[in-house]
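Since the structure comes first, as structure tokens, the remarks are kept for the end.
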Amino acid sequence: MAEPTPQPTFFQRHEFLIRRLHSLSGLIPVGAYMCVHLMVNASLLNSPASYQKAVYQIHSLGSFLPIVEWGFIFIPILFHAIFGVVIIAGGLPNTGNYPYKANIRYTLQRATGVIAFFFIVYHVFHMHGWFHWDWWLDNVARPLGGARFAPYNAASTLTLAFRGVVIPLVYAIGVTSCVYHLANGIWTMGITWGVWTSPAAQRRATAVCGVFGLLLLAVAFGSWSGPLRTDPEDARAVEQKMYNAKVASGELDPQQAEHKRASGHLGEETAAAATEDSQQSNGGATKSH
Amino acid sequence: MAEPQSKPASIDSFEVRILRQEAPGRASYWERHRVDYEPQMNVISVLQKIAAKATTIDGRSVTPVAWDCNCLEEICGACTMVINGRVRQACSALVDNLLQQEDPNEIRLEPMSKFPVVRDLMVDRSRLFRALEKARAWVPVDGYYELGPGPRVSPEVQEQAYPLSKCMSCGCCLEACPQYTKVELTRLSGETDEEFQQRKRATYDQSFIGAHAISQIMLFNMHPTGKHEAAARLDQLTAPGGIQICGNAQNCVAVCPKEIPLTTSIARAGRATTAHVIKKWFDR
Numbered sequence: 000m001a002e003p004t005p006q007p008t009f010f011q012r013h014e015f016l017i018r019r020l021h022s023l024s025g026l027i028p029v030g031a032y033m034c035v036h037l038m039v040n041a042s043l044l045n046s047p048a049s050y051q052k053a054v055y056q057i058h059s060l061g062s063f064l065p066i067v068e069w070g071f072i073f074i075p076i077l078f079h080a081i082f083g084v085v086i087i088a089g090g091l092p093n094t095g096n097y098p099y100k101a102n103i104r105y106t107l108q109r110a111t112g113v114i115a116f117f118f119i120v121y122h123v124f125h126m127h128g129w130f131h132w133d134w135w136l137d138n139v140a141r142p143l144g145g146a147r148f149a150p151y152n153a154a155s156t157l158t159l160a161f162r163g164v165v166i167p168l169v170y171a172i173g174v175t176s177c178v179y180h181l182a183n184g185i186w187t188m189g190i191t192w193g194v195w196t197s198p199a200a201q202r203r204a205t206a207v208c209g210v211f212g213l214l215l216l217a218v219a220f221g222s223w224s225g226p227l228r229t230d231p232e233d234a235r236a237v238e239q240k241m242y243n244a245k246v247a248s249g250e251l252d253p254q255q256a257e258h259k260r261a262s263g264h265l266g267e268e269t270a271a272a273a274t275e276d277s278q279q280s281n282g283g284a285t286k287s288h
Numbered sequence: 000m001a002e003p004q005s006k007p008a009s010i011d012s013f014e015v016r017i018l019r020q021e022a023p024g025r026a027s028y029w030e031r032h033r034v035d036y037e038p039q040m041n042v043i044s045v046l047q048k049i050a051a052k053a054t055t056i057d058g059r060s061v062t063p064v065a066w067d068c069n070c071l072e073e074i075c076g077a078c079t080m081v082i083n084g085r086v087r088q089a090c091s092a093l094v095d096n097l098l099q100q101e102d103p104n105e106i107r108l109e110p111m112s113k114f115p116v117v118r119d120l121m122v123d124r125s126r127l128f129r130a131l132e133k134a135r136a137w138v139p140v141d142g143y144y145e146l147g148p149g150p151r152v153s154p155e156v157q158e159q160a161y162p163l164s165k166c167m168s169c170g171c172c173l174e175a176c177p178q179y180t181k182v183e184l185t186r187l188s189g190e191t192d193e194e195f196q197q198r199k200r201a202t203y204d205q206s207f208i209g210a211h212a213i214s215q216i217m218l219f220n221m222h223p224t225g226k227h228e229a230a231a232r233l234d235q236l237t238a239p240g241g242i243q244i245c246g247n248a249q250n251c252v253a254v255c256p257k258e259i260p261l262t263t264s265i266a267r268a269g270r271a272t273t274a275h276v277i278k279k280w281f282d283r
């Protein structure tokens, strides 16, 4: 009896298109969004007011913000991540026997993709709690240390969420992975689409992508160091003044704005953060014995 | 006879570790042999000595190790195998270099890992050749009437084409490619030869076509007569198993014994398929 000839799957039949969309989505919108995100966060280096102003600007989209977030951020990232996993599953890294530079970059591209995936999942939980239902936020997200960011208290809540050693370390690794993945991804994208073809052109592209990656890494660590250099109480005072002005001008409706503000008083949050700090340092001390 | 300068100091013999397999689908196992050193040996002469002796290092009598070879001058690709973890031709892998530059104690020989093993170091590379059929790696000139002289090829195109024409279909680029994964089918009970061949071809056609075939497509697409089939070849590059599988690890170009600019071909194929798909979308 004849075995039926294997038929290509939907993914196989459309793999060319899917891979090209995967390649494109890595740059636009995911990569472009990451650049904007890192630059906005780096504005905290200037002042909490600069950062808060940028966040107000983003939130001035109002009820359109979720559409932009889903259309240009979440869905493209999910698409890029899911097909990224499929692509990784189809390869068999062999840097052990073939330790060439481009091959190591190939393996790193996959490793940083996986790190970036877990980091982004954690990051969105840590800052936003994944879902905005009150029940979820109060009973699941906040008790687990998530949903720490309040857009109308941007600098102060970010600063309080960035305490300790572990969280800044996780962010440093995650952001470095993301930046590498984008810079090297642009290089492979240039070959995939046929922009740089000759070895000399590819070498020049490596240099350009390398410089781009280092510059973006500088921006990334600029935004990383922002909350470490910010005093949450000073930031909270500025945020309150900016908020009051927006309410006075009628730009914000205090009723609707409530869920975008920090819930408790700063004193409680600081105390909570301090407890976490001492727990972390105790844990560290226990390990060192 | 004068001793070659490259003779490793004080070596009378060396060990050869071979990954053997009795038949397709059987388990593989390592076997150790000791070979007397002679100056200027290559891996083929090592294998000849091992076959003549057919005795392992611990004195066990074994069947001679099977391997493929033909031209003995790195032109046919038949003796391609994994030597000390790196794919290359056994005929041009010189023992003096292997012992001096890689491992002074032993030489490790394995069959290529991306193709089904026939026996020991012999593999079935039919997927590689099937990819060349899929790629239409020829210039179509067969017909019932005289076609006249072909068009002239400009020196610029000749310079681009010649390096690509040096491909000997050895499979090094495929063995080193992290995106080219092994496809091994076994014949089902009751399946005729023809049915099995057909199933193999269909499965190969859905798997990655490989750097060698992508480069051949670029070679024949730049030939003034071969160009007539350019669209059909580019269709194969966007079909299942096409150029999209490439992950730009660029091992292919690093291991190619003929130094073919495979990654340049891949990037050109990327550009050609981009244009081809856009054209197809908006022209239909």
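Read top to bottom, the protein sequences are chains A and B. Going by numbering that gives the first Met the number 0, the residue at position 28 of the first sequence is 27; the numbering climbs one at a time, nothing skipped. Going by numbering that gives the first Met the number 0, the residue at position 264 of the second sequence is 263; the numbering climbs one at a time, nothing skipped. Even for Gly, the Cβ is constructed at its ideal location relative to N, Cα and C. The structure displayed is predicted, hence computed values, not measured ones.
Asked	Found
When you compare the CB positions of A:Ile86 and A:Val29, do they come within less than 8 Å of one another, or not?	no
Name, please, each residue of chain A whose Cβ falls closer than 9 Å to the Cβ of B:Asn250.	Asn93, Tyr97, Tyr99, Ala101, Asn102 and Tyr105
For the alpha helix (DSSP H) that contains B:Arg126, what are its first and last residues?	Ser125 to Lys133
Please go through the same chain and pick out, in chain order, the residues whose beta-carbon is closer than 6 Å to the beta-carbon of A:Gly173, but skip the five residues on each side of it.	Phe118
Listing by chain order, which chain A residues have their CB less than 7 Å from the CB of B:Gly84?	Asn96
Among A:Gly90, A:Val84, A:Ala53 and A:Phe73, which residue has its Cα nearest to the Cα of B:Phe207?	A:Gly90
May I ask you to report which of helix, strand or coil DSSP gives B:Glu30?	strand
How about A:His288: is its C-beta nearer than 8 Å to some C-beta of chain B?	In this predicted model, A:His288 has a pLDDT of only 38, less than 50, meaning its place in the structure is not dependable; the value taken from the coordinates is given anyway. Judged by the 8 Å Cβ criterion, A:His288 is not in contact with chain B.
Does A:Arg260 come out as helix, strand or coil in the three-state DSSP assignment?	coil
Against chain A, does B:Pro239 count as a neighbour if the rule is that its beta carbon must be under 8 Å from one of theirs?	yes
What would DSSP say about B:His275, mapped onto helix, strand or coil?	helix
Taking only the alpha-carbon atoms, compute the straight-line gap between A:Gly290 and A:Phe220 and give it to the nearest angstrom.	In the structure as shown, chain A starts at 0 and stops at 288, and residue 290 of chain A therefore has no counterpart that could be examined.
Smallest Cα separation from A:Ala236: which of A:Ser46, A:Tyr170, A:Ser59 and A:Leu37?	A:Ser46
I'd like to know whether the C-beta of B:Thr55 is nearer than 8 Å to at least one C-beta of chain A.	no
Distance, Cα to Cα, B:Arg33 vs A:His79?	53 Å
So which residues of chain B does A:Ser197 contact, with C-beta pairs closer than 7 Å?	Thr263
Using a cut-off of 8 Å between C-beta atoms, extract the partners of B:Arg270 located in chain A.	Trp192, Gly193, Val194 and Thr196
Should B:Pro177 go down as buried or exposed, given a rule of 16 or more other Cβ atoms within 10 Å for buried?	buried
Less than 8 Å between CB atoms is the rule here; does B:Ala130 satisfy it with respect to chain A?	no
Short of 7 Å in beta carbon distance, which residues of its chain neighbour B:Ile74, apart from the five on each side in sequence? Order them along the chain.	Met167
Determine, for B:Thr202, whether the minimum Cβ-Cβ distance to residues of chain A falls below 8 Å.	yes
How many Å lie between A:Pro253 and A:Val218 at the Cα?	34 Å
Could you give the DSSP three-state label for A:Thr187: helix, strand or coil?	helix
Is there a C-beta anywhere in chain A that falls below 8 Å from the one on B:Ala253?	yes
Applying the criterion that 16 or more other CB atoms from any shown protein chain within 10 Å of the CB defines a buried residue, is A:Ile81 buried or exposed?	exposed
With a cut-off of 8 Å on the beta carbons, I'd call A:Asn152 and A:Arg18 a contact; round off their distance for me.	About 42 Å; that fails the 8 Å criterion.
Assuming B:Val116 is part of the beta strand (DSSP E), what are its boundary residues?	Val116 to Arg118
Beta-carbon within less than 8 Å of B:Thr202's beta-carbon, same chain only, minus the 5 sequence neighbours each way: which residues are those?	Val182 and Leu184
Under DSSP, the alpha helix (DSSP H) around B:Thr79 begins and ends at which residues?	Where B:Thr79 is concerned, there is no enclosing alpha helix (DSSP H), although the beta strand (DSSP E) it sits in stretches over Thr79 to Ile82.
So what's B:Val86 in DSSP terms, helix, strand or just coil?	strand
Rounded to whole angstroms, what is the Cα-Cα separation between A:Asn93 and B:His275?	32 Å
Could you spell out the range, first to last residue, of the beta strand (DSSP E) harbouring A:Ile76?	Not the beta strand (DSSP E): A:Ile76 falls in the alpha helix (DSSP H), residues Ile74 to Ala88.
When you compare the CB of A:Arg12 with every CB in chain B, is at least one pair closer than 8 Å?	yes
For chain D, is any of its Cβ atoms less than 8 Å away from the one on A:Gly30?	Absence of chain D from the displayed structure is noted, the protein chains being A and B.
Determine contact between the segment 38 to 48 of chain B and the segment 92 to 109 of chain B, defined as no fewer than three beta-carbon pairs at a distance below 8 Å.	yes
For the alpha helix (DSSP H) containing A:Arg18, list its first residue and its last residue.	Glu14 to Ser24
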